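Structure first, then comments.
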Amino acid sequence: MEGAQGSREDYLEMDRLSILLLGTLTLPLLYSLLQVLQAFESLHFFLLLGIFSLLMIPVTRYLTEVILASIYVPAIISFLLLSLAGRPEFLLNLAAGYLIAFPLFLLLDFYTDSSPQLLTLIYLGGMLLSLYLLGFSGEQGVHVEALFRGLFPREGSRLLSPEAFSYMDPLFAVLTAFSTIALLWSLLRKLRPMESPLLGEEVFLTALLLSALVTFGIAVLSRVSGEFAWLLTFLVGGALALFLAVYPRLVGG
Amino acid sequence: MLTKNAARVFQVSAIFLLLALILASPALILSSLLPMVFTALYALLAWRRLRRIEPDIFATSLIASPNPALVNSDIRVKLVVALRRDLELPIEAQVETWELETSGKPGWRGVLRKGVEAVADFKVRSSEIGVRLLGPVFIALKDRLGVAVRELEVHPPLPILILSEALRLRAPAALQVSSRSPAPGLAENPFIGMPEEYRLSLPQTQEQPARLIDWRRTARSGGEELYVREYDRLRRGEVVFGVGGGLRVEVPGMGVAEQLALQPLLQIALAHLKAGSSPWLLAYAGRGEFTASPLLQSPEGVVLGQPQGMPPRGSLVVYVTRLIDPLEAEALSRLSKLTSLRLLLLDLGDGERLRRAAGRVEAWYSIVGVDELPQALWRALRVHGRIT
Numbered sequence: 019m020e021g022a023q024g025s026r027e028d029y030l031e032m033d034r035l036s037i038l039l040l041g042t043l044t045l046p047l048l049y050s051l052l053q054v055l056q057a058f059e060s061l062h063f064f065l066l067l068g069i070f071s072l073l074m075i076p077v078t079r080y081l082t083e084v085i086l087a088s089i090y091v092p093a094i095i096s097f098l099l100l101s102l103a104g105r106p107e108f109l110l111n112l113a114a115g116y117l118i119a120f121p122l123f124l125l126l127d128f129y130t131d132s133s134p135q136l137l138t139l140i141y142l143g144g145m146l147l148s149l150y151l152l153g154f155s156g157e158q159g160v161h162v163e164a165l166f167r168g169l170f171p172r173e174g175s176r177l178l179s180p181e182a183f184s185y186m187d188p189l190f191a192v193l194t195a196f197s198t199i200a201l202l203w204s205l206l207r208k209l210r211p212m213e214s215p216l217l218g219e220e221v222f223l224t225a226l227l228l229s230a231l232v233t234f235g236i237a238v239l240s241r242v243s244g245e246f247a248w249l250l251t252f253l254v255g256g257a258l259a260l261f262l263a264v265y266p267r268l269v270g271g
Numbered sequence: 405m406l407t408k409n410a411a412r413v414f415q416v417s418a419i420f421l422l423l424a425l426i427l428a429s430p431a432l433i434l435s436s437l438l439p440m441v442f443t444a445l446y447a448l449l450a451w452r453r454l455r456r457i458e459p460d461i462f463a464t465s466l467i468a469s470p471n472p473a474l475v476n477s478d479i480r481v482k483l484v485v486a487l488r489r490d491l492e493l494p495i496e497a498q499v500e501t502w503e504l505e506t507s508g509k510p511g512w513r514g515v516l517r518k519g520v521e522a523v524a525d526f527k528v529r530s531s532e533i534g535v536r537l538l539g540p541v542f543i544a545l546k547d548r549l550g551v552a553v554r555e556l557e558v559h560p561p562l563p564i565l566i567l568s569e570a571l572r573l574r575a576p577a578a579l580q581v582s583s584r585s586p587a588p589g590l591a592e593n594p595f596i597g598m599p600e601e602y603r604l605s606l607p608q609t610q611e612q613p614a615r616l617i618d619w620r621r622t623a624r625s626g627g628e629e630l631y632v633r634e635y636d637r638l639r640r641g642e643v644v645f646g647v648g649g650g651l652r653v654e655v656p657g658m659g660v661a662e663q664l665a666l667q668p669l670l671q672i673a674l675a676h677l678k679a680g681s682s683p684w685l686l687a688y689a690g691r692g693e694f695t696a697s698p699l700l701q702s703p704e705g706v707v708l709g710q711p712q713g714m715p716p717r718g719s720l721v722v723y724v725t726r727l728i729d730p731l732e733a734e735a736l737s738r739l740s741k742l743t744s745l746r747l748l749l750l751d752l753g754d755g756e757r758l759r760r761a762a763g764r765v766e767a768w769y770s771i772v773g774v775d776e777l778p779q780a781l782w783r784a785l786r787v788h789g790r791i792t
């Protein structure tokens, strides 16, 4: 426990830009968390406890007392209530709280110490889960069981079905745009080997402008023709991957 | 083209983009598309800049001490990289050490500026006798954001002679020349030279050492003039002793072939060194490339100097090999155009294969057994016509 505690960078030690980037990164995840909470029929205390306790772990830097109080105690109580009183709702709500807070937990926990690729994986994985959760916000009177049922294929999985992701909240889209820029900025801060002003780099500005134009163009196109935007994205993604695989061999890289 | 981290970011983004396309999720598409497009475009633009940088802007030195070294003993290695131009470059310098056991980090990572030296100190050792290669030295040149990378080879492999206590290089106290036609670079008498080198006798006015005086000619002149023998210089000792590939095999009852080949090679090389010439050690570095280092006499004893990719042009190269690697045969053909190449092909029961392989190399060759190697080496060195 001490080792884990020692390896985490304190949030107080982060510079202002890192805090700003982390805050921006979490915006869509936080939004989907709030949206899904609104969709529930009623908010169980253990659901909120599950969310709170999971988020407290990275914030308190794996403080032993917090882990004991917020993870072990509720878990033991809910297990006892299930086994002795036959009441599963405590355990289900606690687990649902963990599930809802999981994308945020990962991002908060790994932001400072992770490699660029791990940060990308955590962010995009968190976005995937957030989108899945956001899919419930369009419904009314959601039960916690539905969250878990949607994860399993035999129960009519929603996790990997396009229907679950077709719901597009305009505010969520705006927050996603901001957080994607924050992701890119965070990645560059992690990747770059030397401290030099990014905005002074001609190559950086050109690449940023071009990539923003491509992404924005596809986003606009998707409002006009979803199929065409889909096809164009597929072609752009494939072409880039092919280019990076073939070009260095052609020019002797 | 992409650094490892940037490539992984691209891969993760590409996987999520594919997933987002399957799920038709616009938010996830945009989140994964932007890092992908930016990484690819930036890498292309930055890499075009990196391609303009030539390897010669780096001054590199790779020193192993001691070299020659004893088997199972530590060899201290120092890599120094400096910039010749007024630039600021993020680099990762790495010494290939796969032939040796390494302790310490054989590389350096950071931002290199002119006037600042990148230094890496580490140790290597070998549990086997022979010529082991340290290097080449590669520099991964990164752009300022650490997205694009270009790899440059900035220093050839450094051959390290690993010897046993018995094989330890000690310059011989006296040189024995049994042949009437000694090898080039090998003086019968270090003061006056060999009979083959004699060119002419010139009248001298100053007093000369008696051993340089041509007494017969002086006598013929009636004693009026003093004639002194002048000798042509040999080819400045540019005799190269090479060890090729396929020699790290055990010869039943005799030992490792490389060690058996090295023993007579080094004895002769030392004899050349004693005679005042500077012999070279040539090793096959794989991938059709060689590395050559001069054997030098220093206050600490015999040492191997800084390596070069090829031995001196026009030198006599005596090269022991088994021609296992086809690329080695091609490289030897190229080498034979620049030097006087003498191949000694070590026959370990595969003479027919050696004959076929030797046919592809345009050079003088001789197929010899392990026990015939010392005599074959002397034979290969006695080449009068090659003396310049």
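One line per chain: the protein sequences are A and B, in this order.
Numbers in this note's numbering are just positions in the first sequence, counted from 1, shifted up by 18.
Numbers in this note's numbering are just positions in the second sequence, counted from 1, shifted up by 404.
All residues carry an ideal CB built from backbone N, CA and C; glycine is no exception.
This structure is a prediction, so every number in the text was calculated from the model and none was measured.
Given 8 Å as the limit, is there contact between the stretch 454-469 of chain B and the stretch 433-443 of chain B, that is, 3 or more CB pairs closer than that?
-> The stretch 454-469 of chain B makes no contact with the stretch 433-443 of chain B, as fewer than three CB pairs between them are under 8 Å.
Residue burial classification, E219(A) (beta-carbon count within 10 angstroms, cutoff 16) | The residue is buried, with at least 16 neighbouring Cβ atoms inside 10 Å.
In chain order, which beta strand (DSSP E) runs of at least 3 residues are fully inside the stretch 671-749 of chain B?
-> You should have 684-690, 693-702, 705-708, 720-725.
Would you tell me roughly how many angstroms separate the C-alpha atoms of V647(B) and L758(B), rounded to the nearest one?
-> Answer to the nearest angstrom: the Cα atoms are 16 Å apart.
Of all the options I495(B), A689(B), L685(B), S507(B), which has the alpha carbon lying nearest to the alpha carbon of K518(B)?
-> Cα-wise, what sits closest to K518(B) is I495(B).
For F442(B), return the contacting residues in chain A, with the cut-off set at a CB-CB distance below 7 Å.
-> Here the neighbours are L202, A225, L226, S229.
What does a CB cutoff of less than 7 Å around D751(B) pick up in its chain, not counting 5 residues either side in sequence?
-> Closer than 7 Å at the Cβ level, and outside the excluded window around D751(B), lie L758, I771, V772, G773.
Please check if any C-beta of chain A sits within less than 9 Å of the C-beta of A524(B).
-> No, its Cβ sits nowhere closer than 9 Å to a Cβ of chain A.
Is R615(B) helix, strand or coil when you go by DSSP?
-> Helix at R615(B).
Ranges of the beta strand (DSSP E) found wholly within the stretch 91-131 of chain A, counting only runs of at least 3 = Whole beta strand (DSSP E) segments, 3+ residues: zero.
Assumed close pair L434(B), A113(A) - CB separation to whole angstroms, cut-off 8 Å | The pair is not a contact, with the Cβ atoms about 31 Å apart (cut-off 8 Å).
Work out the CA separation of A164(A) and L72(A) for me, nearest whole Å.
-> Rounded to the nearest whole angstrom, the CA to CA distance from L72(A) to A164(A) is 21 Å.
Use the C-beta contact count for T224(A): other C-beta atoms within 10 angstroms, 16 or more gives buried, fewer gives exposed.
-> Under the 10 Å beta carbon count, T224(A) is surrounded by fewer than 16 other beta carbons and is classified as exposed.
Starting from E505(B), trace the beta strand (DSSP E) both ways and give me its first and last residue.
-> Note, E505(B): beta strand (DSSP E), 505-507.
Evaluate S583(B) with the Cβ neighbour count: other Cβ atoms within 10 Å of its Cβ, from every protein chain shown; 16 or more gives buried, anything less gives exposed.
-> Low per-residue confidence applies at S583(B): pLDDT is 43, beneath 50, and the placement is therefore not dependable, though the value from the model is reported in the following sentence. By the 10 Å Cβ count, S583(B) comes out exposed.
Comparing alpha-carbon positions, which option in D754(B), A447(B), L421(B), A733(B) lies nearest A263(A)?
-> Check the Cα spacing between A263(A) and each of D754(B), A447(B), L421(B), A733(B): the tightest is with A447(B).
Closer than 9 Å to chain B by CB, L38(A) | It does not; no Cβ of chain B falls within 9 Å.
Determine the extent of the alpha helix (DSSP H) in which G144(A) is found, giving its start and end residues.
-> G144(A) -> alpha helix (DSSP H) spans 134-152.
Which term fits R536(B), buried or exposed, when burial requires 16 or more other beta carbons within 10 angstroms of its beta carbon?
-> Buried: at least 16 other Cβ atoms inside 10 Å.
Chain-order list of residues whose beta-carbon lies under 7 Å from that of A733(B) (same chain, five-residue window excluded) | Taking C-beta separations shorter than 7 Å and ignoring five residues to either side along the sequence, the partners of A733(B) in its chain run L727, A761, R764, V765, following chain order.
Whose Cβ in chain D lies nearer than 9 Å to the Cβ of S243(A)?
-> No chain D is present in this structure, whose protein chains are A and B.
The beta strand (DSSP E) spanning V523(B) covers which residue range?
-> In the DSSP assignment, V523(B) falls within the unbroken beta strand (DSSP E) covering 522-529.
With respect to the alpha helix (DSSP H) encompassing G539(B), which residues constitute its N-terminal and C-terminal limits?
-> From DSSP, G539(B) is part of no alpha helix (DSSP H); its letter is neither H nor E.
Would A577(B) be called buried (16 or more neighbouring beta carbons within 10 Å of its own) or exposed?
-> Reliability of the predicted coordinates at A577(B) is poor, the pLDDT of 41 falling under 50, and no value is obtained from them.
Delimiting residues of the alpha helix (DSSP H) encompassing R241(A) = Membership of R241(A) in the alpha helix (DSSP H) is indicated by the continuous run 220-242.
For V416(B), which residues of its own chain have a beta-carbon under 7 Å away from its beta-carbon, when the five flanking residues on both sides are left out?
-> Cβ within range, chain order: n/a, list empty.
Of all the CB atoms in chain B, is at least one closer than 9 Å to the CB of Y265(A)?
-> Answer yes: the Cβ-Cβ gap between Y265(A) and chain B drops below 9 Å somewhere.
Output, in chain order, the set of chain B residues within a Cβ distance shorter than 7 Å of Q135(A).
-> Taking a Cβ-Cβ threshold of 7 Å, the residues of chain B close to Q135(A) are N409, R412, V413, V416, in chain order.
Do you know offhand how far L616(B)'s Cα is from K678(B)'s?
-> Distance between the alpha carbons of L616(B) and K678(B): 21 Å.
Proximal chain A residues relative to L432(B), where beta-carbon distance stays under 8 Å | The contacting residues are L142, M145, L146, L149, F183.
Nearest neighbour of D187(A), chosen from L432(B), A665(B), P730(B) [CA to CA] = By alpha-carbon distance to D187(A), the top candidate from L432(B), A665(B), P730(B) is L432(B).
Please confirm if D490(B) has its CB atom under 9 Å from at least one CB of chain A.
-> For D490(B), the closest Cβ of chain A is not nearer than 9 Å.
C-alpha distance - G626(B) paired with G713(B), whole-angstrom precision = Near 56 Å, if we compare the C-alpha coordinates of G713(B) and G626(B).
Grab the span of the alpha helix (DSSP H) containing R452(B) for me, first residue to last.
-> Per DSSP, the continuous alpha helix (DSSP H) segment holding R452(B) begins and ends at 430-454.
Reducing DSSP to helix, strand and coil, say where L466(B) ends up.
-> In the structure shown, the three-state DSSP call for L466(B) is strand.
Using 10 angstroms around the beta-carbon of W619(B), count the other beta-carbons present and answer buried if the total reaches 16, otherwise exposed.
-> So W619(B) counts as exposed.
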